[in-house]
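Asker: Residue numbers (this note's numbering), protein chains in the order written: chain Y, 1 to 177; chain L, 1 to 177; chain B, 1 to 177; chain D, 1 to 177; chain H, 1 to 177; chain V, 1 to 177.
Just so it is clear, CB atoms sit at the ideal spot from N, CA and C, and this is done for glycine as well.
Computed from a prediction, not measured in an experiment: that's the story for all the values here.
Protein chains: 6
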Amino acid sequence: MRRIDLKRGLFVGRFNPFHLGHLMVVKEILAEENEVIIAIGSTQESHTLKNPFTAGERVWMIHESLKEAEISLDQVFVITIPDLFRNSIWIHHVRSYCPPFTRAYTNNNHTRRLFKEAGIDVKPTGVFNRTDFNGSKIRELMLEGSRWQKMVPKAVIKIIGTIDGIERIRNISKKTD
Amino acid sequence: MRRIDLKRGLFVGRFNPFHLGHLMVVKEILAEENEVIIAIGSTQESHTLKNPFTAGERVWMIHESLKEAEISLDQVFVITIPDLFRNSIWIHHVRSYCPPFTRAYTNNNHTRRLFKEAGIDVKPTGVFNRTDFNGSKIRELMLEGSRWQKMVPKAVIKIIGTIDGIERIRNISKKTD
Amino acid sequence: MRRIDLKRGLFVGRFNPFHLGHLMVVKEILAEENEVIIAIGSTQESHTLKNPFTAGERVWMIHESLKEAEISLDQVFVITIPDLFRNSIWIHHVRSYCPPFTRAYTNNNHTRRLFKEAGIDVKPTGVFNRTDFNGSKIRELMLEGSRWQKMVPKAVIKIIGTIDGIERIRNISKKTD
Amino acid sequence: MRRIDLKRGLFVGRFNPFHLGHLMVVKEILAEENEVIIAIGSTQESHTLKNPFTAGERVWMIHESLKEAEISLDQVFVITIPDLFRNSIWIHHVRSYCPPFTRAYTNNNHTRRLFKEAGIDVKPTGVFNRTDFNGSKIRELMLEGSRWQKMVPKAVIKIIGTIDGIERIRNISKKTD
Amino acid sequence: MRRIDLKRGLFVGRFNPFHLGHLMVVKEILAEENEVIIAIGSTQESHTLKNPFTAGERVWMIHESLKEAEISLDQVFVITIPDLFRNSIWIHHVRSYCPPFTRAYTNNNHTRRLFKEAGIDVKPTGVFNRTDFNGSKIRELMLEGSRWQKMVPKAVIKIIGTIDGIERIRNISKKTD
Amino acid sequence: MRRIDLKRGLFVGRFNPFHLGHLMVVKEILAEENEVIIAIGSTQESHTLKNPFTAGERVWMIHESLKEAEISLDQVFVITIPDLFRNSIWIHHVRSYCPPFTRAYTNNNHTRRLFKEAGIDVKPTGVFNRTDFNGSKIRELMLEGSRWQKMVPKAVIKIIGTIDGIERIRNISKKTD
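Here's what the structure looks like:
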């Protein structure tokens, strides 16, 4: 019978959108652990400049990108987690949405601290080129009409096309009071 | 390049726990569609008689059960959806957490009606033996100390053992005011 | 120029559905005050046995019923108020959704107490036949397939027909776990 | 018997305060539809620079302004709708608070997009002078002590006087940490 | 300088009302620890049969009862904690509202389990006569008009008199639909 | 028997952290009233630049600071109050968490207005040196690594050391998107 007590690494993000930097981290975690948990945060939010995509669109991007990269979903949990608006217990909230995990991976100082205060082991992710692969920069390029396509998997380009995502971001930015 | 406009069937439940009846429905949907979306509802709730397991425990049970049944996770979305406490728009809430889907599968009259009022195609699931495979009955048997194990995949038995789930359910039932 | 400091009476209810007893209270209040405020509570809820209709359906029933009764909407405020789940300050919540009012009308002991504790004048409504005109009784008759139609304005019958309301209530009651 | 399947146009705003531009839109909609639904959003908020007035004060301003303009309330629904903080399903939330409507009227790009994504017909409103009639500009003038009175119906001036609204806005702006 | 790393015992309850059994537990904890934390839960609720008193009324009862018993408030934290409606992380929520504590005291199986799952030391409280000192029984006696006064400190009788608490409970019970 | 109808003054703040200015206000209120209620607001928030400390840490700071200043906790209520996000009724929310009080003390224009609109007596606090004793300034100094220690009681320095508070604030400020 299959063992259930595998080593799992947790990767928390908002994935707006899922980009090549994220993909590198997934591969890095899978090189060290049996399985990876991709936890999508702020799933209640969409259609804002910071979180333009719905939870469903983000899940979809991740599934298609992993398949494109020939990573089997058998070793991946993709989990949608709404905000709790309670920093001091957010880590426990995340934990209640996930199967047991060995450690969390993050380069963010604030997130690392929250994991540490909750007594959870944290590891930095290998340094990828954050200048190129950066969610807020990608969203800015989308808004400006500049080239963002090289920073994301092809599947993400396709999905953003299907949902008319670039136009959505531009409409958000023209929001008047 | 891979197509992203696949046929997907939606299967909504609370999965407390995931049982053999659920597994049959998953197989049935995969026989008709390219992919299945297993949407876990009421994920904010746990440690109650109706929803004893956490969202993470339920996700874990589903992943392990599908692997045990040799169903590739590549064709399955497992999505965690908190309650919205707004029946009239709950279907739209669910939809915002999922990739596009062709139709929903359910035998529940109330859920079917909500899908219909939202203009979504609904199909009944093939009749399985609801007397044997029924969440509230399984939880009752767990509480009584009767045999519930034949109604769930082996992986579910293992996970419930790991988390000391039967004892948890008994403690819940002894809750005093 | 028109005066804005009119005498207004507040009438709080859930109006699931608006019935002839409610209509009598509206008339009674308009006989004593310049204007009536019909405050619809629990507007976030619908598709339950206690609150089967949406906020919009309830507003619609009230407007059409008042027109049918030839009561001008010029002297009526119809206001939709979500629950706050905070009994001790609910009255202040209601007040923040309404224009200034002189007093509240209710026959409910609990509601009367909340108004009193908040320092607001409360008046009982003239006794109408509560055996005939009673929301929970009407919903029960709808469920059983008995005659409920004599207890509500014709406009309400029409709207419930349009939204297939009786069938909705039956589907709710067949909700399985 | 009166028909209930009328043509209704939806007009969503925050109305802080209701101004002459809003009044023009109401007239424009009533010229094309049988009835207008004025849906007041963000009703849970008040006493902020963006939403200084309570839901009740805004309802009151609208009723009195329409009477001043000799528009019968018999053809107007004024509905108070709290925020849902879920952009992707906000339109469905609004819809659940309203009677059925034919189309929505808005000049806002973001709102128009949300209606379109929800499959609802949207029409731009006739261009009025947005430089003169603009909520945030009016609130700014109130704060500065400049002339804002020409931009709103007389009834709104009266109500703001009654509630000491200008002083309230100034107090809000002096909020210290 | 005073030490801040004292031994503290946590005592969680709803205290509707604070009774002599509660007082015994406070004394018991103070005999073993330097300080006691009295954590009042469900503080958002009041005016229901289960939680008739407001958070403020419950705090007030506790302060006055401790003074009556000549227990100095210098060694007592009285903390008001709203429900989170998330059993799996409720203990962490409670912890975020309290100063550090050594262990929790409870005789409730369900609560004990939640503490254990969160990795916190729990101790049973010495057995007091639960037949006499029991919140739901006291509330029942209040409703029936029987003698409840011997079960609570004199200060509690006085406060319940001041707020007309018995009449409030009776009004709640007469709540009609 | 002890009187329960004492004169109590209400002091609302966020206390991030409790500083010497706050301590002066407490002393000032105790000179005029029998008891002081220290109501800690925004208790659901922590680990942000505006509210770096948890509710529990803030309660702890206040208790230890009062003891250090030899103020008996017998005359002090320390109450934790979550935000309601409803300005118009926030005062009533605060009131429901407190024992009865005679008046509120504040120098904040906005808060004073909210108390006045709710019909509660408000008094300004004696002017202390707000340039020296100011929460946002103290947090800024902590972030910069400048001297903040002279502005707070010694107990606060000790607690911030114990929880590694300065490092926490720096981690928060380095939060990346």
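Between K154 of chain H and Q44 of chain L, what straight-line distance do the alpha-carbon atoms span, to the nearest angstrom?
Answerer: 41 Å
Asker: Could you check the C-alpha separation between I40 of chain D and H22 of chain D for me, to the nearest Å?
Answerer: 12 Å
Asker: By the criterion of Cβ-Cβ separation under 8 Å, what are the contact partners of S42 of chain D in chain V?
Answerer: Against S42 of chain D, chain V offers no close residue; the least beta-carbon distance is about 11 Å (beta-carbon pairs closer than 8 Å).
Asker: With P52 of chain B and I172 of chain B assumed to form a contact (beta carbons below 8 Å), what rounded beta-carbon distance in angstroms separates them?
Answerer: 6 Å
Asker: For the putative contact between S72 of chain B and V156 of chain B, defined by C-beta atoms under 8 Å, what is the C-beta separation to the nearest angstrom?
Answerer: S72 of chain B to V156 of chain B, Cβ: 19 Å. No contact.
Asker: Pick from D:R103, D:I160, D:L84: whose alpha carbon is nearest that of K7 of chain D?
Answerer: D:R103
Asker: Report the residues of the stretch 52-77 of chain H with a CB closer than 7 Å to any CB of chain V, ordered along the chain.
Answerer: T54, A55, G56, V59, W60, H63, E64, K67, E68, S72, L73, D74, F77
Asker: For D164 of chain V and F11 of chain H, I'd like the C-alpha separation in whole angstroms.
Answerer: 27 Å
Asker: Please go through the stretch 38-89 of chain D and give each complete beta strand (DSSP E) segment of 3 or more residues, from N-terminal end onward.
Answerer: 76-80
Asker: CA-CA distance, E28 of chain Y and V36 of chain Y?
Answerer: 10 Å
Asker: Can you give me the start and stop residues for the alpha helix (DSSP H) that V12 of chain Y sits inside?
Answerer: Premise fails: V12 of chain Y lies in the beta strand (DSSP E), 8-13, not in any alpha helix (DSSP H).
Asker: Using DSSP with H/G/I as helix, E/B as strand and the rest coil, what is A104 of chain B?
Answerer: strand
Asker: Mind checking the stretch 101-112 of chain B against chain H and listing, in chain order, the residues whose C-beta falls within less than 7 Å of any C-beta there?
Answerer: N108, N109, H110
Asker: Would F115 of chain H pass as an interface residue toward chain L - the criterion being a Cβ-Cβ separation below 8 Å?
Answerer: no
Asker: Would you kindly work out how many angstroms separate the C-alpha atoms of T106 of chain H and R147 of chain V, rounded to a whole number?
Answerer: 44 Å
Asker: Is the shortest distance between the beta-carbon of R168 of chain L and the beta-carbons of chain H less than 8 Å?
Answerer: yes
Asker: H47 of chain H CB to nearest chain B CB: under 8 Å?
Answerer: Yes, contact with chain B.
Asker: Below 7 Å CB to CB, which residues in the same chain sit around E33 of chain D once its five sequence neighbours on both sides are set aside?
Answerer: K7, R8, G9, T102
Asker: So which residues of chain V does S96 of chain H contact, with C-beta pairs closer than 8 Å?
Answerer: Result: S46, T54, A55, G56.
Asker: So which residues on chain D does S88 of chain V lean against when the C-beta distance must stay under 7 Å?
Answerer: S46, H47, T54
Asker: Relative to the alpha-carbon of V78 of chain D, which residue among D:T125, D:H93, D:C98, D:H92 has its alpha-carbon at the smallest distance?
Answerer: D:C98
Asker: Within its chain, find whatever has a CB closer than 7 Å to the CB of L20 of chain B; leave out the 5 residues flanking it on each side and keep chain order.
Answerer: The answer, listed in chain order, is F133, M151, V152, P153.
Asker: Grouping DSSP H, G and I as helix and E and B as strand, with all else coil, what is E33 of chain B?
Answerer: coil
Asker: Taking 8 Å as the cut-off, decide whether the C-beta atoms of K91 of chain V and I4 of chain H are in contact.
Answerer: The question names Lys, but residue 91 of chain V in the sequence shown is Ile. Contact flag unset, no.
Asker: Excluding the 5 residues preceding and the 5 following M142 of chain V in the sequence, name in chain order all residues of the same chain whose CB lies nearer than 7 Å to its CB.
Answerer: W148, I166, I169
Asker: Going by beta carbon distance, what residues of the same chain come within less than 7 Å of R112 of chain V, once the five residues before and after it are set aside?
Answerer: T106, V122
Asker: Quick check on A69 of chain B: buried or exposed, where buried means 16 or more other Cβ atoms within 10 Å of its Cβ?
Answerer: exposed
Asker: So, under 8 Å CB-CB, I89 of chain B and S46 of chain V are touching, yes? Tell me the CB distance rounded to an integer number of Å.
Answerer: Incorrect: roughly 25 Å between the Cβ atoms, too far for contact.
Asker: Who are the near neighbours of T54 of chain H in its chain, counting only those whose CB is closer than 7 Å to its CB and skipping five residues on each side?
Answerer: S46
Asker: Taking only beta-carbon positions, decide if N171 of chain Y is within less than 8 Å of chain D.
Answerer: Chain D places a beta carbon closer than 8 Å to that of N171 of chain Y, counting this residue as a contact.
Asker: Which first and last residues belong to the alpha helix (DSSP H) in which T162 of chain Y is found?
Answerer: 154-162 is the span of the alpha helix (DSSP H), which, as asked, contains T162 of chain Y.
Asker: Going along chain L, which residues have a C-beta under 7 Å from F18 of chain H?
Answerer: None at all; the shortest Cβ gap to chain L is about 15 Å.
Asker: Along chain L, in chain order, which residues have C-beta atoms closer than 7 Å to that of K158 of chain Y?
Answerer: Around K158 of chain Y, the beta-carbon contacts reaching into chain L at under 7 Å are I4.
Asker: So, at 6 Å on beta carbons, what are the nonlocal neighbours of L30 of chain H in its own chain, with the 5 sequence-adjacent residues on each side left out?
Answerer: These residues qualify, in order along the chain: V36.
Asker: Buried or exposed for R86 of chain Y, please, with buried defined as at least 16 other CB atoms from any protein chain shown within 10 angstroms of its CB.
Answerer: buried
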